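Each remark here refers to the structure printed beneath this line.
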Amino acid sequence: MRHRRSVDLASVANHAVSLENETLASLPEMFVLAAACPSCLNSTPIDRWELGRLLGKRMPVANIAERLKCSCCGNRTGNRFLLGRLRRG
Numbered sequence: 001m002r003h004r005r006s007v008d009l010a011s012v013a014n015h016a017v018s019l020e021n022e023t024l025a026s027l028p029e030m031f032v033l034a035a036a037c038p039s040c041l042n043s044t045p046i047d048r049w050e051l052g053r054l055l056g057k058r059m060p061v062a063n064i065a066e067r068l069k070c071s072c073c074g075n076r077t078g079n080r081f082l083l084g085r086l087r088r089g
């Protein structure tokens, strides 16, 4: 796609993330991380840099959900790992 000032814009497909292949180190910085608990419906943002220090930067993003524990109720099963994209100003 082309911008009116002749700047090439990336297509939406360029921002898609393959969870099986991405690690915390390779995940683009425009993504924010969050966790959601199905038991108490608590959701909280996750500091990606702290998570990288605890689990290692080479941890695949797909394997993070199974390691999550809810800080409110202590639930360890069925927790969801969410990726969101920051708004670009």
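So for the sequence shown, full-length UniProt numbering puts the first residue at 1; every next one is plus one. Using N, Cα and C, we set each Cβ at its ideal position, and we do this for glycine too. Since the model is a prediction, treat every value here as computed from it, not as a measurement.
Identified DSSP bridge partners for SER43: Position 43 of the sequence shown holds residue 43. According to DSSP, which records beta bridges pairwise, SER43 is partnered with ALA36.
Nearest residue (CA-CA) to CYS72, options LEU19, PHE31, SER26, THR44: Along the sequence shown, read from residue 1 onward, the residue named residue 72 stands at position 72. Nearest of LEU19, PHE31, SER26, THR44 to CYS72, Cα basis: THR44.
Status (buried if at least 16 other CB within 10 Å, exposed otherwise) for ALA35: Here residue 35 refers to the residue found at position 35 of the sequence shown. Buried, because 16 or more other Cβ atoms sit within 10 Å of the Cβ of ALA35.
Enclosing beta strand (DSSP E) for GLY84 [first to last residue]: Residue numbering aside, residue 84 sits at position 84 when the sequence shown is read from its first letter. First-last of the beta strand (DSSP E) with GLY84: 80-85.
Residue nearest to LEU27 in terms of C-alpha spacing, selected from PHE81, GLY74, ARG48, THR77: Residue 27 sits at position 27 when you count from the first residue of the sequence shown. Closest option to LEU27, Cα to Cα, is ARG48.
Neighbourhood of LEU82 by C-beta distance below 8 Å, restricted to the same chain and skipping five residues each side: Locating residue 82 in the sequence shown gives position 82, where the first residue counts as 1. Excluding sequence neighbours, LEU82 sits near LEU33, ALA34, ALA35, ALA36, SER43.
Nonlocal neighbours in the same chain, by C-beta distance under 6 Å from LYS69, ignoring five residues either side: Counting from one through the sequence shown, the residue named residue 69 turns up at place 69. Once the five neighbours on either side are set aside, the close Cβ partners of LYS69 are ARG76.
Residue interval of the alpha helix (DSSP H) (run including ARG48): One-based indexing of the sequence shown puts residue 48 at position 48. Element bounds for ARG48: 48-55.
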